[in-house]
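Have a look at the structure below before the remarks.
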Amino acid sequence: MPLLIPPYPLPMKIFILPSLSLSTVASSFALPLHNPTKDIPILGSDTADFTHYKFWDFRAMSTVQNTTQIPLEHTPFNTAWEAQSWRREPTGDSSWPMVNSKANVFLTQHPDQPSSSILVLRTTRFSNYFSTAEIESRLGNYQHCSWRVRMRLMSQSTISENDSPSQDPGRAAERVPPGACAGMFIYRSATCESDLEILTSDSQRTIHYANQPDYDPVSDRMTPGFSRTVTDLPAPWTTWVTHRMDWAPGATRWYADDQLQTVIELGVPDRPSLVALNLWSDGGVWTGDMAVGQSVYLGIEWIELAYNLSTPGLDVPFRFRRKTSGKDGGFLE
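Right, here's the structure in full:
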């Protein structure tokens, strides 16, 4: 029996029935935020049936210390998420090569809760290149989904804290080096994509939402109606915020802490896709540059995903090669 999002404009609920065979965790130590026999809150007016649900909780590795970095590929989460190691050379819009490294994707101690852990993506500016991070789902045949990521951007001083936890986890926004871009993607190709991007050069309540292609390189103009920049997020992106993307037929919706930010009905992905998170820079027009030696960190507490597959019951990943330029960090079908 499918998971049903009712077609009503008021807040409704998606019910996950106990009769479904659902894998909710990526390891024996990852506990789901939502009980699969209960419900997940859903907002929106489209109807969509979701037959699968998974939850990856990166907080559950209590043995991680602040001096310990456990690569993602050495954890059970690696069965669902793959750290990338491809590189991209500079183009006319960028200044430096960007090189993804698996060493930039690791679990470490939670900066606010020393007894728990988080997943971290890191990007660092070296003298002649950027060392960057990306994770992609091993499945590439998602066909509509609602996915949520609890995350925040951090500086090196925050990620290496080892003192007592903050009394206020939503503490005042910290300063993060400008020049990096964090992205959350539903992705098939440069013309079949929904994304969320945070630029650390922006104010800490600014975020960019888009369906692709939102830019026409021939006319050097943005494509009308394909993107929106929001400047009044409910909380700074340097604090823990649940970012959410709902991909349904005919519309993509973006939320921050369950508050609807925007709806885009043009350029909605219409083909099976993967989901991905990245943190990168190339010193170019979109990201800006970072000072040599500076690092930016993206902390992730958990990822939650309700979804359909393009072929029911067949979990076969698609693989992709990368384009040589573009503000999204570089994909190509």
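Residue numbers (numbering that gives the first Met the number 0): 0 to 332.
We put the beta carbon where it would ideally sit given N, CA and C, even for glycine.
Round the Cβ separation of residue i and residue j to the nearest angstrom and send it over; I've been treating them as touching at under 8 Å.
| i | j | result |
| --- | --- | --- |
| F54 | W301 | 7 Å |
| L106 | T78 | With a Cβ gap of about 15 Å, L106 and T78 do not count as contacting. |
| F57 | L118 | 4 Å |
| I206 | L232 | 6 Å |
| E133 | S154 | Actually they do not touch by this definition, with Cβ atoms about 20 Å apart. |
Just list the residues that DSSP pairs residue i with in beta bridges.
| i | result |
| --- | --- |
| Y128 | DSSP output for Y128 lists no bridge partner at all. |
| D245 | S145, R252 |
| E196 | G182, H207 |
| S294 | T123 |
| T310 | DSSP, once it has assigned bridges, lists no residue as partnering T310. |
| Q108 | S116 |
| A305 | Y52, S145 |
| D288 | DSSP lists no partner for D288. |
| D215 | R220 |
| M150 | V240, I299 |
| R87 | M97 |
| S202 | None, per the DSSP bridge assignment. |
| P70 | F105 |
Where does the unbroken beta strand (DSSP E) through residue i begin, and where does it stop?
| i | result |
| --- | --- |
| Q155 | Counting along the chain, Q155 falls outside any beta strand (DSSP E), though it belongs to the alpha helix (DSSP H) covering 155 to 158. |
| K53 | 51 to 56 |
| R137 | Premise fails: R137 is in no beta strand (DSSP E) and is neither H nor E. |
| M97 | 97 to 99 |
| S226 | 226 to 229 |
| N277 | 273 to 279 |
| Q258 | 258 to 263 |
| A82 | 80 to 82 |
Quick one, which of the options has its alpha-carbon nearest residue i's?
| i | options | result |
| --- | --- | --- |
| G283 | N77, E88, T74 | E88 |
| S156 | T205, P70, T237 | T237 |
| T222 | L120, L273, D213, W80 | D213 |
| S130 | D288, P235, Q142, A247 | D288 |
| T90 | I299, M153, D281, A305 | D281 |
| W80 | N277, T286, S188, P176 | N277 |
| R151 | P75, D256, Y141 | D256 |
| R111 | S294, M244, S159 | Rather than Arg, the amino acid found at residue 111 in this sequence is Asp. Considering only alpha carbons, the answer is S159. |
| Y52 | A305, I69, W279 | A305 |
| V175 | P75, T67, Q203 | Q203 |
| Q108 | S272, G249, P70, M60 | M60 |
| R243 | P177, S115, F57, Y208 | Y208 |
| G292 | N127, G182, S116 | N127 |
| S309 | T67, Q142, P75 | Q142 |
| S226 | S94, Y254, L265, M153 | L265 |
| P177 | W285, T190, L232, W146 | W285 |
| W137 | F76, V63, V229 | The sequence given here has Arg at residue 137, not Trp. Per the Cα distances, F76. |
| V365 | L71, W239, C191, T67 | Lying outside 0 to 332, the shown extent of the chain, residue 365 is not represented and no answer is given. |
| T66 | E72, S93, S94, S116 | S116 |
| V295 | P70, A179, S94, V63 | A179 |
| P248 | G182, S94, D269, T241 | D269 |
| A250 | N103, V63, I185 | I185 |
| F125 | V267, S94, G224 | S94 |
| R187 | V63, P113, Q68, N140 | N140 |
| A275 | P235, G182, V229, L297 | G182 |
Exercise for the section: Could you say if the segment 196 to 204 and the segment 212 to 221 meet the contact criterion of at least three C-beta pairs nearer than 8 Å? Expected result: no
Practice task
Examine the Cβ distances between the segment 96 to 115 and the segment 67 to 87 and report whether three or more of them are shorter than 8 Å.
Solution key: Judged by Cβ distances under 8 Å, the segment 96 to 115 makes contact with the segment 67 to 87, as three or more pairs qualify.
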